[in-house]
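J.: Quick one: structure below, then a few questions.
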Amino acid sequence: MSEVVNVNRIRNSLIAFAAIILSIAIFFGFQTQTGSLSLESQAQAATPIELALKNGLPTLTEFYANWCTSCQAMAPELAQLKQKYANSINFVMLNVDNNKWLPEILRYRVDGIPHFVFINDTGEAIAQAIGEQPPSVMEANVEALIAHQTLPYADSTGQTSEFNAPINTPSSDPRSHGAQVQS
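Residues 1 to 183 (UniProt numbering) make up the sequence shown, in order.
Here you go:
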């Protein structure tokens, strides 16, 4: 009978030990899920866009959301960039879930997050990057922005011509694209 009691005590001790280990793992698991919190704290410390567009410094604008896993993954790396280049560039963060930023979302044609808009020192958007970017790519783009050089890893944007559709063109053949057909 004492052998059964010893086996039960060992089993109960193992269960208790496993419960303690599991509780500790769950506790620390919740402690590491601070991505949205760090995004929010970074956004509060970011330069307001109104100031950034007028203060004569180039600007990196990040469109993000607290629930975005790519945004959360990039948060520590962007925080390091912000510390390193804080005196040379504005860092602006705009949460796409806040309707306040809808004009900027439409202006910069944000259709995925994270979405980065690189703005020169005169307030003109010169390039964009969408999606999770490696730290070396972001740093190279920031350095190029500061140095007034072409950004090596971003899609350049620039002025485009306004398209005016021709009026009163024959539309009998859609493949003619408005060309006059000789008969």
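The C-beta atom is built at its ideal place from N, Cα and C for all residues, glycine as well. Since we're looking at a predicted model, the values are computed, not measured.
What is the DSSP secondary structure of A75, reduced to helix, strand or coil?
T.: Three-state DSSP puts A75 in a helix.
J.: Suppose you measure from the CA of Q83 to the CA of V96; what does that come to, to the nearest Å?
T.: Taking the straight line joining both Cα atoms gives about 24 Å.
J.: Less than 7 Å between C-beta atoms, sequence neighbours within five positions excluded: which residues of the same chain meet that for G35?
T.: Unreliable positioning characterises G35 in this predicted model, as indicated by a pLDDT of 48, which lies under 50. The coordinate reading is nonetheless provided below. The answer, listed in chain order, is Q72, A75.
J.: Cα-Cα, which of H148, P134, N66 is closest to I89?
T.: Residue H148 is the option with its Cα nearest to I89.
J.: Where do the ends of the beta strand (DSSP E) carrying A129 lie?
T.: 125-130 is the extent of the beta strand (DSSP E) around A129.
J.: To which residues of the same chain is A165 closer than 6 Å at the C-beta, ignoring the five residues directly before and after it?
T.: Bear in mind that the predicted position of A165 carries a pLDDT of just 44, short of 50, making it too unreliable to give a figure here.
J.: Quick one: is F118 buried, meaning 16 or more other Cβ sit within 10 Å of its Cβ, or exposed?
T.: Classification for F118: buried.
J.: When you compare only the Cα positions, how much space is there between H115 and E132?
T.: Looking at the two C-alpha atoms, the distance is approximately 9 Å.
J.: Is the separation between the beta-carbon of I105 and that of A65 shorter than 8 Å?
T.: Cβ distance not < 8 Å, so I105 and A65 don't count as in contact.
J.: Using the Cα positions of C68 and L81, report the straight-line distance between them to the nearest angstrom.
T.: Taking the straight line from one Cα to the other gives about 20 Å.
J.: So, for S23: in the same chain, excluding its five sequence neighbours on each side, which residues have a beta-carbon less than 7 Å away from its beta-carbon?
T.: Contacts found: none.
J.: Need the endpoints of the alpha helix (DSSP H) that L106 sits in, please.
T.: That run of the alpha helix (DSSP H) goes 102-107.
J.: Thinking just about the alpha-carbon of each residue, which of T122, F63, Q128 is nearest to the one in L53?
T.: Nearest C-alpha to L53: T122.
J.: Determine the contact status of T47 and F91, defining contact as a CB-CB distance below 8 Å.
T.: Closer than 8 Å, so yes.
J.: Check the DSSP bridge columns for H115 and list the partner residues they point to.
T.: In DSSP, H115 forms a bridge with F63, I130.
J.: In three-state terms, what does DSSP make of V142?
T.: Looking at V142 - three-state DSSP - the assignment turns out to be helix.
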